[in-house]
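For the sequence shown, the tail end lands on 426 under the working numbering, and the numbers increase by one without skipping.
Note that CB positions come from ideal geometry on N, CA and C, so glycine has one too.
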Amino acid sequence: MIIATTEGLDINSFFRLESLSLKEVYGTISTFSPILALVLGITIGVLVIVWLEREISAGIQQRIGPEHASPLGILQALADGTKLLFKESLIPPRGNTRLFSIGPSIAVISILLSYSVIPFSYHLVLADLNIGIFLWIAVSSIAPIGLLMSGYGSNNKYSFLGGLRAAAQSISYEIPLTLCVLSISLLSNSSSTVDIVGAQSKYGFWGWNLWRQPIGFLVFLISSLAECERLPFDLPEAEEELIVGYQTEYSGIRFGLFYVASYLNLLVSALFVTVLYLGGWNLSIPYIFVPELFEINTADEIFGMTIGIFITLAKTYLFLFIPITTRWTLPRLRMDQLLNLGWKFLLPISLGNLLLTTSSQLLSL
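Below is the structure:
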């Protein structure tokens, strides 16, 4: 009897250990699967942006765009990225190796963290925080530090000047952008990105913050273009003046990281414009759910989530036409013009917009 009891205890303990291990595996999968899905979606999104920019640029310049790598050149960006991976990555002999190597990683990681607070649809956000939009501003302000480290570590005067320009430009335009975000937070009575989208959905199409904050939208648009270093604000890497600025000494995968970081920043800016000003995942036009077509109980939620993702991405890529077309439309600003625009024009306007928003909220109480 003692042997049988011992064997029974061993069997029970084995099943307990097995159930515990299965729970741990399930917990690990449930933790990392959303992160992996987000990274995969971001990668596809960046490839789509590169393809869109090449096609739109070719149309503006009346030439044929990429067409050899797959139909319509869809895989051309993937082919270019694969080629960069196999390029030799050189390090300047007299540069600071640590700063030179860490700089690109800091730029990419700080931008990737911004995606964690973006709601792609209802209940589809990696981290729904009460300070979501300010977390984005905080982590995005780290990227210029990486660019400055890259310019200093390259031991090249053009690279260092590019890093200094990037830091000065980011500081100049981050303050107006923050004031515009603060105005949106006051209107929505929340700093959560999910709550901001929910506040816009109460009044349909005319409840978008685009109509309630037109001045803030214009300031946010200009500031986000400057933060992304897009033309006419690409002074940190002006080819005619600084070769390619802080990227001058980079090659191979490190150069590819800077290339990816610029498009990641462009995509995250367009997504935040959609979330803050264009109603997020809300179409604002009545559409019909048909859950009875599905055999599962959560069909309504899954269908609504899928529609929300499609609406968010459609608004985002439609907005991306603005920065892509301005690249071939507006001339590059001088450094003094760029700083004057940020400090003497956008900063007072964004501050006045914040005061008007605060006054209207106090009067409505």
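Kindly indicate which residue of Ser312, Ala375 and Pro297 has the alpha-carbon position closest to the one of Met396.
Pro297
Based on the DSSP output, what are the partners of Leu497 in its beta bridges?
This structure cannot speak to residue 497, because the chain is shown only from 62 to 426.
Compute the beta-carbon to beta-carbon distance between Leu339 and Trp272, rounded to the nearest angstrom, for a pair I have assumed lies under 8 Å.
No, Leu339 and Trp272 are not in contact; Cβ-Cβ is about 10 Å, not under 8 Å.
Residue range of the unbroken alpha helix (DSSP H) whose run includes Thr239:
Lys218 to Ser249
Around the Cβ of Gln274, are there at least 16 other Cβ atoms within 10 angstroms (buried) or fewer (exposed)?
buried
Entirely enclosed alpha helix (DSSP H) segments - the stretch 123 to 203, minimum 4 residues:
137 to 146, 158 to 175 and 193 to 201
Starting from Val305, trace the alpha helix (DSSP H) both ways and give me its first and last residue.
Unbroken run through Val305: none, as it is neither H nor E.
Distance check for Pro409 and Thr419, CA to CA, integer angstroms please.
15 Å
Three-way DSSP call (helix, strand, coil) for Gly369 in this model:
helix
Nearest to Leu160 (by Cα), restricted to the options Leu286, Ser215, Leu416 and Arg115
Ser215
For Ser118, tell me which candidate among Ile383, Tyr213 and Gln422 has the shortest Cα-Cα distance.
Ile383
Taking all protein chains shown into account, decide if Arg377 is buried (16 or more other Cβ within 10 angstroms of its Cβ) or exposed.
In the sequence under discussion, the amino acid at residue 377 is Thr, which differs from the Arg named in the question. It counts as buried.
Can you say whether Ser220 is buried or exposed, counting buried as having 16 or more other CB atoms within 10 angstroms of its CB?
buried
Residues near Pro127 by beta carbon distance below 6 Å, same chain, minus five either side
Arg115, Gly134 and Gln137
Please check the pair Thr239 and Ile179, which I expect to be a contact at CB under 8 Å, by giving their CB distance rounded to whole angstroms.
Going by Cβ atoms, the distance from Thr239 to Ile179 rounds to 17 Å, so no, they are not a contact pair.
Three-state class that DSSP yields for Thr104 in the structure shown:
helix
Count Cβ pairs between the stretch 249 to 268 and the stretch 181 to 192 that sit closer than 8 Å; are there 3 or more?
yes
Look at the alpha carbon of Thr386 and the alpha carbon of Leu426, and state the distance between them as a whole number of angstroms.
42 Å
Take Leu196 and list the residues in its own chain whose beta-carbon comes closer than 7 Å to its own, dropping the five residues that flank it on each side.
Val178 and Leu190
DSSP on Ala299, reduced to helix/strand/coil?
coil
Do you know how far the Cα of Gly224 is from the Cα of Ser211?
7 Å
Run the CB neighbour count on Ile63, radius 10 Å, all protein chains shown included, and call it buried at 16 or more, exposed below.
Because Ile63 sits at a pLDDT of 46, beneath the cut-off of 50, its placement in the model cannot be relied upon, and the point is left open.
Tell me whether Thr418 sits in a helix, a strand or coil according to DSSP, three-state version.
helix
Taking all protein chains shown into account, decide if Tyr264 is buried (16 or more other Cβ within 10 angstroms of its Cβ) or exposed.
exposed
Can you tell me which of Leu145, Arg315 and Gly306 puts its alpha carbon nearest to the alpha carbon of Lys218?
Gly306
Say whether the stretch 306 to 318 touches the stretch 145 to 155, bearing in mind that this needs 3 or more beta-carbon pairs closer than 8 Å, one atom from each stretch.
yes
Measuring only the C-alpha atoms, how far is Asn401 from Asn326?
24 Å
Give me the residue from Arg388, Leu423 and Val334 with the minimum Cα distance to Ala375.
Val334
Answer yes or no: do Leu187 and Leu99 have a C-beta to C-beta separation smaller than 8 Å?
yes
Excluding sequence positions up to five away, which residues of its chain have a Cβ less than 6 Å from the Cβ of Gln422?
Leu247
Looking only at its chain, what residues have a beta carbon closer than 7 Å to the beta carbon of Gly106, apart from the 5 residues adjacent to it on each side?
Leu328
Would you tell me roughly how many angstroms separate the C-alpha atoms of Val336 and Ala322, rounded to the nearest one?
21 Å
Beta-carbon within less than 7 Å of Ser244's beta-carbon, same chain only, minus the 5 sequence neighbours each way: which residues are those?
Gln274, Gly277, Asn414, Leu415 and Thr418
Quick one: Cα of Val242 to Cα of Ala204, how far?
19 Å
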